[in-house]
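Q:
Protein chains: 2
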Amino acid sequence: MESAIPPHLETKRSRHKRVPDDYQPPYPSFVARYKPGVDRVVMAYFGVQYRGALPAAATETLAEIDRRLAATVGPSHWDRAHYVDQSGHENNVSVAYWDDIARFDAWFAPTREVWTGSAREGIGTFIEVLRPAVARHETLFSSPGRPEGVAAIADGMSGEVQEHAYWGGMRDRIPLSQTDAMTPGGDPKLVRDGARLRVVAHDNLCLIRSGQDWSDTEASERKLYLDVVEPVLREGMDFLRDDGLAIGCYANRYMRVFRADGGASEKSYGQSWWRSLAALERWAESHPTHVKIFGAAMKYLSTLGPSAKLRLYHEVTVAAADEQFFEYLNCHPRTGMLAAVEPVGA
Amino acid sequence: MESAIPPHLETKRSRHKRVPDDYQPPYPSFVARYKPGVDRVVMAYFGVQYRGALPAAATETLAEIDRRLAATVGPSHWDRAHYVDQSGHENNVSVAYWDDIARFDAWFAPTREVWTGSAREGIGTFIEVLRPAVARHETLFSSPGRPEGVAAIADGMSGEVQEHAYWGGMRDRIPLSQTDAMTPGGDPKLVRDGARLRVVAHDNLCLIRSGQDWSDTEASERKLYLDVVEPVLREGMDFLRDDGLAIGCYANRYMRVFRADGGASEKSYGQSWWRSLAALERWAESHPTHVKIFGAAMKYLSTLGPSAKLRLYHEVTVAAADEQFFEYLNCHPRTGMLAAVEPVGA
């Protein structure tokens, strides 16, 4: 049994873990392990927003970002996904990951100009980037074989870790929790730069990407996931999207991942921005929508036991104020972190 | 909004609360407030055990304890309840409360001799006592008007408290949690004293009494409680009774409270002995049986909202080794804390 916190990030605690040292989780889970030399990772979300069929400008923009994502100076890993938001807009989001800030910076400056530098007919574009110190970040995987998201750029997976399967495990897996309550500071502010709108959020903003992969499931398990678990998950995702603000969820996207050939894969993820890790904890632990998700997942897993083929993972970051970048061009005013600031007039 | 920890028990923390200082619970709850001069309370469980119809010896024994409980030197409050245990034995348990150790000690010595001093035909008897420092104890009530259990001897109820409606609130309400992880020490041991069997447990043994009162509910709410919530609660209680040991629950009793006239009231409580507060936390938060209870309660409360007439309360103690007393005479070997030690031969 390993700690989710790698040895080189262990510090003298001023804050305790939520479980005793002899805690034994009831089932195995795993975390991504970066090379010890990696002190920071980058997760960059590039969105294109439109209504109805894919406009020509969107196709061109996606082709451009494809070329840049595939470049040898590009990210170590990326994926692309899609969802229809609360305003009925289609959103196509490419997520790219780096473990080298200098490489990212060099790649990002010209890419940003392409993406949000000038408006295009009929589409909006946005960029949401975190570049957290690894001590501000954690992952969790239900099985070790198939990394997703930021874990795809890690050195590999851990063995079974201790800090999971209890409320508070998420916090306990973040190395900074050893010494810091990660309290949010201030309110998000809107900065106008011509047509570009930037959101300057605040210390300890929280991002979660929480995914599921049902591609390995067969007949009865697949039916159980799609008929019983997925509708409850979707209901929770819709709640966060539509009514999350009152409980500290600035924005939520329930994304369906594309295959490499552009078709829909059997993978999805929820991606949400939160005022604080504490707000995310409260929703997960107590809100009826997530209690239902948790109950459905518990029932699913206790029905199937170790034979379950559904794969679950998440990644959570609590970012310092200077580790964040949000920029929107020609997007509707409830897009991403724009929803966290005063509505923007025409 | 008050802290559940009264001002005179606030200490400089070496351990943090689980929620930020600006946490706002989503609904009100209340705690018992003792007079500041009360530094210790006593909760004493007197059980009589038999099979089938009430034997004459049981009637006599209950009459004797009734006389002692009603004496002017007796407890400040007591109640009586009944359940059928996993061996099919009837158990009639009187629970008495004091806030004055000297008075309790004077009353207890002769009462103990009556209760477990000599065996009676066809019945077993047992005594389970905690006498915790108030810093090792917490209560929680869904409404302030009708104290139950130990709260009946308190000075009154608090206003709305902050530390509830999140996992970890129970721990955060116990004043000792400000500085102590309340880790259990050692294993329970059996001590034979002739026919009397005593269990010497260990530091930080945990007791919960968790009750529900549906006497104020009307038609549809009553039906919802009895048809939907109660069966799920019973299932969880049965699990703890039959299979709790593996997860740190030494014993569980799902009791139906008697009215003063001896009939069954519309009140029940679960009373269980745990290896540690942490073990109780893990069951409550993660075990499918309690996740179901929690889900049913959440659904119930979100259906009814503030109009709910069901009353819920609990009291939790984490006792030091020298605050405990367990004594059994002629009881079956799975009675109470006997279940936590090696089976006792004939």
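These protein sequence lines map, in sequence, to chains L and U. Going by the numbering used here, 405 is the number at position 116 of the first sequence; the sequence numbering is gapless. Going by the numbering used here, 451 is the number at position 162 of the second sequence; the sequence numbering is gapless. We put the CB at the ideal spot given by N, CA and C, even for glycine.
Going by DSSP, what residue range makes up the alpha helix (DSSP H) through Tyr589/U?
A: Tyr589/U -> alpha helix (DSSP H) spans 577-593.
Q: Tell me which same chain residues have a C-beta within less than 6 Å of the C-beta of Asn380/U, skipping the five on either side of it?
A: So the list reads Gly336, Gln338, Tyr372, Asp374, once near-sequence residues are dropped.
Q: By the 10 Å Cβ neighbour count, where 16 or more other Cβ atoms means buried, how is Arg302/L classified, buried or exposed?
A: So Arg302/L counts as exposed.
Q: With a threshold of 7 Å between beta-carbons, can Gly537/L be considered close to chain U, or not?
A: Taking Cβ atoms only, chain U never reaches closer than 7 Å to Gly537/L, which makes this a no.
Q: Pull the bridge partners of His371/L from the DSSP assignment, please.
A: Paired residue(s): Asn381/L, Arg545/L.
Q: Listed from N- to C-terminal order along the chain, which residues in the segment 297-329 of chain L have their beta-carbon within a distance smaller than 8 Å of any beta-carbon of chain B?
A: Looking at the structure shown, chain B is missing, and the protein chains on hand are L and U.
Q: Would you please state the rounded distance, in angstroms, between the beta carbons of Lys556/L and Asp502/L? I believe it to be under 8 Å.
A: The Cβ separation is near 5 Å, so the contact holds.
Q: Does the distance from the CB of Gly625/U to the CB of Glu417/U come in under 7 Å?
A: Against a cut-off of 7 Å, the Cβ pair of Glu417/U and Gly625/U comes out as a contact.
Q: Can you pull the chain U residues whose beta carbon is under 8 Å from the beta carbon of Glu452/L, in chain order?
A: Within 8 Å Cβ-Cβ: nothing; Glu452/L doesn't reach chain U, min ~13 Å.
Q: Can you check whether the CB of Ser447/L is closer than 7 Å to the CB of Phe319/L?
A: A contact, by the Cβ cut-off of 7 Å.
Q: For the alpha helix (DSSP H) containing Glu349/L, list its first residue and its last residue.
A: Looking at the DSSP string, the run of the alpha helix (DSSP H) that includes Glu349/L is 345-359.
Q: For chain U, check one thing: does any of its Cβ atoms lie closer than 7 Å to the Cβ of Pro464/L?
A: Closer than 7 Å: no.
Q: Within 10 Å of its beta-carbon, does Lys306/L have 16 or more other beta-carbons around it, so buried, or fewer, so exposed?
A: That one is buried.
Q: CB-CB under 6 Å to Tyr602/L, same chain, minus the five flanking residues each way: which ones, in chain order?
A: Same-chain partners within the cutoff: Phe430, Glu437, Gly500.
Q: Name the DSSP beta bridge partners of Lys556/L, please?
A: DSSP lists Asp502/L as partners of Lys556/L.
Q: I need the straight-line Cα distance from Tyr334/U to Ser292/L, nearest angstrom please.
A: Taking the straight line joining both Cα atoms gives about 42 Å.
Q: Should the segment 445-463 of chain U be regarded as contacting the segment 515-530 of chain U, the criterion being three or more beta carbon pairs within less than 8 Å?
A: With a cut-off of 8 Å, the segment 515-530 of chain U and the segment 445-463 of chain U do not count as touching, because too few Cβ pairs lie within range.
Q: Arg571/L versus chain U: which residues are under 7 Å apart at the beta carbon?
A: Going along chain U in sequence order, the residues near Arg571/L (Cβ under 7 Å) are Tyr455.
Q: So, for Pro433/U: in the same chain, excluding its five sequence neighbours on each side, which residues have a beta-carbon less than 6 Å away from its beta-carbon?
A: Cβ within range, chain order: Phe319, Met446.
Q: What's the call for Ile294/U, buried or exposed, on a 16-neighbour Cβ count within 10 Å?
A: Per the 10 Å Cβ criterion, buried.
Q: According to the Cβ coordinates, are Gln560/L and Arg571/L closer than 7 Å?
A: No.
Q: Does the segment 478-498 of chain L come within contact of the segment 590-606 of chain L, defined as at least 3 CB pairs closer than 8 Å?
A: Judged by Cβ distances under 8 Å, the segment 478-498 of chain L makes contact with the segment 590-606 of chain L, as three or more pairs qualify.
Q: Specify, as a first and last residue, the run of the beta strand (DSSP E) that Asp394/U falls within.
A: From DSSP, Asp394/U is part of no beta strand (DSSP E) but of the alpha helix (DSSP H) over 390-405.
Q: Going by DSSP, what residue range makes up the beta strand (DSSP E) through Lys512/U?
A: Segment 508-513 is the alpha helix (DSSP H) holding Lys512/U; no beta strand (DSSP E) there.
Q: Using the C-alpha atoms, what's the distance from Glu410/U back to Leu618/U?
A: The alpha-carbon atoms of Leu618/U and Glu410/U are separated by roughly 12 Å.
Q: If the cut is a Cβ gap below 7 Å, which residues of chain L does Pro520/U touch?
A: Per Cβ cutoff of 7 Å: no residues; Pro520/U is ~16 Å from chain L at best.
Q: Taking Cβ to Cβ, would you say Tyr386/L is nearer than 7 Å to Pro421/L?
A: Cβ atoms of Tyr386/L and Pro421/L: not closer than 7 Å.
Q: Taking the alpha-carbon of Gln613/U as reference, which of Arg487/U, Pro314/U, Met587/U, Leu343/U has the nearest alpha-carbon?
A: Of the listed residues, the one whose Cα sits closest to Gln613/U is Arg487/U.
Q: DSSP on Glu616/U, reduced to helix/strand/coil?
A: In the structure shown, Glu616/U sits in a strand (DSSP, three-state: E or B).
Q: Between Arg369/U and Phe615/U, is the Cβ-Cβ spacing less than 7 Å?
A: The answer is no: Cβ separation not under 7 Å.
Q: Going along the segment 551-584 of chain U in order, which residues come within less than 9 Å of chain L, judged by CB to CB distance?
A: The segment 551-584 of chain U vs chain L, Cβ under 9 Å: Ser565, Ala567, Glu570, Arg571, Glu574, Ser575, His576, Pro577, Val580, Lys581, Phe583, Gly584.
Q: Using a beta-carbon distance below 7 Å, is Ser292/L in contact with chain U?
A: So no, Ser292/L is outside the interface.
Q: Here's the rule: buried if 16 or more other CB atoms are within 10 angstroms of the residue's CB, otherwise exposed. What is Val356/L?
A: Inspection of the sequence shows that residue 356/L is occupied by Arg rather than by Val. Arg356/L comes out exposed.
Q: By the 10 Å Cβ neighbour count, where 16 or more other Cβ atoms means buried, how is Thr405/U classified, buried or exposed?
A: It counts as buried.
Q: Give the DSSP bridge partners of His366/L, in chain order.
A: According to DSSP, which records beta bridges pairwise, His366/L is partnered with Tyr386/L.
Q: How far does the alpha helix (DSSP H) with Phe335/L in it extend, from its first residue to its last?
A: First-last for Phe335/L: 331-339, but that is the beta strand (DSSP E), not the alpha helix (DSSP H).
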